[in-house]
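At position 243 of the sequence shown the residue is numbered 243 (full-length UniProt numbering), and the sequence of numbers has no breaks.
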Amino acid sequence: MNNKGKRPIGKILMILAVVFFYLPILYMIIFSFNDGKSLTSFTGFSLRWYKHMLDSSDMMDALSTTFSIALLATFISTVTGTIAAIGISKSKKIVRDLMEQINNLPIMNPEIVTAIGFMLLFITFHVEKGYVTMLLAHIAFCIPYVMLSVMPKIKSLDPNLADAAMDLGATPWQALTKVVVPQITPGIVAGALIAFTMSVDDFIISYFVTGRGVKNLSIMVYTMSKRVNPSINAISTLVVVIITIVLVIINAAPALFAKRAKRNSIARRNVLVPAVAVVCVLAIVAGVVTYNNKKEPLPFEGQTLRIYNWGEYVGEHIIQDFQKETGATVLLENFDSNEQMYIKVANGEAYDILVPSDYMIQRLISEGYLQKLDKSKLNCMDKLYDAVKGLPYDPENEYSVPYFWGTAGIVYDKTKVDIKDLKKEGYNIFLDQKYKGDIYLYDSERDSFMMALKALGYSMNTSDESQIQEAYNWLVQCVQTMKPEIVTDEIIDNMAQGRKALGLIYSGDATYVINENENMGYYLPEGGTNQWSDAMVIPKNAKNPELAHAFINYASDYDGAYDNSSYVGYTSANKKVMEDLYGKGGEFEGIDAYIPRTDNKNDEVFEYNEETKKEISNLWSKVKIAASNTN
């Protein structure tokens with residue numbers, strides 16, 4: 001009776017477990033066919049994101065890199081791990097036990113520690129990071145898993161099996177390949193599958209050991225997830241399909257091939273010769289077409305441009321169009337914070353173009369990491385909006401050319417928030433009990449303290465400890481009494497769906513939100529805000545500054561700037577592009593968030609101050625602790 005009663009419960013728990021694991025995947029697959037940009041609201045069936053995925057060379061390159069590295073790492077680590085396991089099994093017990101413990105260490109080690117170790121190793125020996133370093137790292141962390149799968153199978157064998165085979169006339173190689181390996185094949189296959197899965201799945205180690213624009217899917221999806229991009233669902237669905245096909249083949253192929261081996265042997269011979277002939281003909285045709293289509297060399301034919309930019313911060317076509325026009329190869333790498341970018345630059349990583357924010361440009365200039373621009377090679381400055389030129393961090397634009405610019409303000413639901421409250425309270429609306437539990441705070445120490453300092457009537461660049469302490473108390477009061485949700489870029493889609501009444505947001509993200517939901521608005525308090533700017537700069541150790549100047553011109557000219565701004569949603573520094581996108585028939589027609597405010601004397605540009613930054617960083621950590629304790 002008891003066992004019968006437990007069986008339905010066990011089945012229910014199993015079903016719930018399956019639903020828990022597979023429902024998110026099903027959700028992702030469904031939304032990969034969504035007609036709209038939202039990641040949460042289905043607006044109609046469409047294949048637009050699959051088309052976007054196939055048109056994106058970055059995504060296809062990432063897909064190719066992922067599976068080529070996974071297959072190579074699986075093959076090499078399986079062969080190496082199997083041979084190593086067999087060798088260890090024939091060693092003395094003390095050596096065997098020691099090697100087993102050494103093998104377990106990388107498996108138990110936190111992945112971030114392994115990643116940093118690989119990164120430091122490559123930096124120490126001046127190995128340029130890229131495809132090869134990623135492959136070597138994947139092979140290294142896959143080998144222990146293969147050995148762990150193979151060793152139990154070896155231990156279960158009769159230790160005299162190989163000797164018996166050689167006594168019967170087999171060579172050592174025959175004893176290994178025809179006697180030992182067939183007996184441990186299940187362990188080898190299991191190890192290979194684990195290695196393949198680990199390689200395809202890895203993000204942390206890959207992120208730290210890659211370079212030269214080489215990205216696998218994990219890195220690609222991470223950079224895409226920083227902003228709303230439904231192509232994530234499409235490429236993730238494609239990966240699910242590929243993995244499913246691989247698993248079906250692995251499980252079904254052996255039985256299928258065994259049944260059809262004899263029947264197909266003749267057919268294979270009959271097909272092989274024509275197939276080879278067809279491939280040869282196609283190769284000849286391709287060679288002729290390539291020869292006939294050969295054109296005059298382009299100005300930067302065969303040269304390489306390395307760009308280090310924010311994730312999801314370039315248009316759909318600008319990179320490909322620039323490559324076609326110049327003949328150059330563009331390697332685009334992404335960062336998710338100015339500080340992350342700074343670390344790579346300070347460690348000597350060579351890039352031709354960086355796109356840091358205002359205060360970081362100030363720091364890079366002061367520490368000698370940037371070279372002055374050659375104004376004779378720039379033809380773009382007259383095309384840029386005056387208000388975004390000559391900012392305090394680079395008054396003469398000697399080092400930088402503006403890329404995007406904007407403000408940080410309040411996005412709000414017009415159906416929930418009275419504009420009178422916003423005008424009366426400004427940032428202090430985040431302390432208004434009327435909106436308790438219905439607000440977002442942005443998880444950025446810089447912008448959150450800007451909001452608090454401006455709410456108190458202070459400069460956001462203050463170094464006065466008492467003012468900073470007041471701002472800290474203001475934020476603690478906010479998180480303790482208002483129960484806000486502290487978020488990052490998920491605020492974009494959440495506010496587009498009207499999930500909260502208001503939140504702190506960047507103007508470019510507010511532009512997208514308002515474009516998606518007409519009930520949303522954007523408000524800048526009269527007390528002032530952060531007028532930020534991201535700009536293109538050339539590091540001192542750039543290998544191709546001439547090509548960098550060419551790209552700066554291209555990205556600042558109408559076509560490149562339009563593609564960037566219309567796709568990303570942030571305000572272009574190109575005056576004509578800004579006017580066209582905001583004007584009648586433009587992508588962001590009438591959306592005030594797209595046009596940064598330039599006539600308020602209380603608006604400021606962030607200045608770099610190391611001591612103040614450290615203090616604010618520590619205090620913001622305490623604010624988040626206070627928020628977690630309250631919740």
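Even for Gly, the Cβ is constructed at its ideal location relative to N, Cα and C.
Cα-Cα separation between residue i and residue j, rounded to whole angstroms
| i | j | result |
| --- | --- | --- |
| T329 | A548 | 12 angstroms |
| E526 | A510 | 18 angstroms |
| residue 634 | L47 | Only positions 1 to 631 of the chain appear in the structure, and residue 634 is not among them; the question remains open. |
| L456 | E615 | 18 angstroms |
| L54 | E325 | 21 angstroms |
| T571 | Y594 | 6 angstroms |
| L569 | I245 | In the sequence under discussion, the amino acid at residue 569 is Gly, which differs from the Leu named in the question. In a straight line, the C-alpha of G569 is about 38 angstroms away from that of I245. |
| I9 | M28 | 29 angstroms |
| I486 | N428 | 17 angstroms |
| S533 | Q101 | 52 angstroms |
| V18 | M59 | 30 angstroms |
| T290 | N216 | Only weak support is given to the placement of T290: the predicted model assigns it a pLDDT of 49, under 50, and the value that follows is read from those uncertain coordinates. About 29 angstroms. |
| I154 | N103 | 16 angstroms |
| I194 | I69 | 14 angstroms |
| E607 | A85 | 58 angstroms |
| L247 | V240 | 11 angstroms |
| N33 | L135 | Note that residue 33 is Phe in the sequence shown here, rather than Asn. So the two alpha carbons sit approximately 33 angstroms from each other. |
| F208 | R96 | 32 angstroms |
| P152 | A175 | 19 angstroms |
| M147 | P172 | 21 angstroms |
| S617 | D603 | 22 angstroms |
| M99 | S231 | 45 angstroms |
| L298 | T133 | 31 angstroms |
| F300 | G327 | 5 angstroms |
| A190 | I88 | 19 angstroms |
| T66 | V605 | 41 angstroms |
| L453 | G81 | 58 angstroms |
| E587 | Y512 | 10 angstroms |
| V276 | A73 | Bear in mind that a pLDDT of 48 at V276, under 50, signals an unreliable position, so the number given afterwards is only what the model happens to contain. Looking at the two C-alpha atoms, the distance is approximately 29 angstroms. |
Proximity winner among the options, relative to residue i (alpha-carbon distances)
| i | options | result |
| --- | --- | --- |
| residue 712 | A84, D386, G213 | Outside the displayed span of the chain (1 to 631) sits residue 712, for which this structure offers no information. |
| D443 | F322, W532, S621 | S621 |
| T415 | H52, G498, G586, N618 | G498 |
| R597 | T407, S376, V476 | T407 |
| K540 | E349, L384, E425 | E349 |
| L305 | A542, I249, V401 | A542 |
| I107 | Y145, F122, Q531 | Y145 |
| S41 | K624, T74, M495, A573 | M495 |
| Q303 | T124, A550, G187, I112 | A550 |
| I243 | M224, T612, V221, V200 | V200 |
| H138 | F75, Q174, N160 | F75 |
| Y308 | P356, E396, E398, S617 | P356 |
| Y313 | E610, I538, D563, D464 | D563 |
| T223 | M198, E301, V150, N334 | N334 |
| E367 | S337, Y399, H317 | Y399 |
| K423 | L524, Q371, E465 | L524 |
| residue 711 | Q531, N515, V127, L431 | No answer is possible for residue 711: the residues shown for the chain start at 1 and end at 631. |
| N600 | Q531, Q433, A170 | Q531 |
| E610 | A192, S507, K576, L364 | L364 |
Chain D within 7 angstroms of residue i, Cβ atoms only
| i | result |
| --- | --- |
| D374 | The structure shown contains no chain D; it is built from a single protein chain. |
Contact belief for residue i with residue j at Cβ below 8 angstroms, rounded distance in angstroms
| i | j | result |
| --- | --- | --- |
| Y50 | A234 | 5 angstroms |
| T529 | G437 | At roughly 25 angstroms, the Cβ-Cβ gap does not stay under 8 angstroms, so T529 and G437 are not in contact. |
| residue 649 | A573 | Missing from the structure shown is residue 649; the chain here goes from 1 to 631 and no further. |
| V150 | I112 | The pair is not a contact, with the Cβ atoms about 27 angstroms apart (cut-off 8 angstroms). |
| Q362 | Y403 | About 16 angstroms separates the two Cβ atoms, so there is no contact after all. |
| I538 | P545 | 5 angstroms |
Uninterrupted alpha helix (DSSP H) stretches inside the stretch 21-53 (no shorter than 4 residues): none
For the pair the stretch 407-427 and the stretch 512-526, tell me if three or more CB-CB distances fall below 8 angstroms. The count of Cβ pairs closer than 8 angstroms, one atom from the stretch 407-427 and one from the stretch 512-526, reaches three, so the stretches are in contact.
Every unbroken beta strand (DSSP E) within the stretch 387-475, with a cutoff of 3 residues, ordered by chain: 400-413, 439-442
Contact between the stretch 165-180 and the stretch 104-118 (3+ Cβ pairs under 8 angstroms): For the pair of segments examined, the stretch 165-180 was found not to touch the stretch 104-118: the number of CB pairs separated by less than 8 angstroms stays below three.
Runs of alpha helix (DSSP H) wholly within the stretch 178-243 (minimum 4 residues, chain order): 181-201, 204-209, 217-224
Is it a yes or a no for the stretch 483-498 touching the stretch 389-407, going by three-plus beta-carbon pairs under 8 angstroms? In this structure the stretch 483-498 does not lie against the stretch 389-407, because fewer than three pairs of beta carbons, one per stretch, are closer than 8 angstroms.
Any chance the stretch 369-382 sits against the stretch 551-561, with 3 or more Cβ pairs inside 8 angstroms? Yes, the stretch 369-382 touches the stretch 551-561.
Runs of alpha helix (DSSP H) wholly within the stretch 493-538 (minimum 4 residues, chain order): 507-516
Quick one: any contact between the stretch 164-173 and the stretch 77-95, if contact means 3 or more CB pairs under 8 angstroms? no
Could you say if the stretch 308-323 and the stretch 199-210 meet the contact criterion of at least three C-beta pairs nearer than 8 angstroms? no
Between the stretch 500-516 and the stretch 473-482, can you find at least three pairs of beta-carbon atoms closer than 8 angstroms? Not touching, per the Cβ criterion.
Which parts of the stretch 59-117 are runs of the alpha helix (DSSP H), unbroken and 4 residues or longer, counting only runs that do not cross its ends? 93-108, all fully within the stretch 59-117.
Within 8 angstroms, do at least three Cβ pairs link the stretch 463-476 to the stretch 443-454? yes
Kindly provide the ranges of any beta strand (DSSP E) runs that are 3 or more residues long and lie completely inside the stretch 283-364, ordered along the chain. 304-310, 329-335
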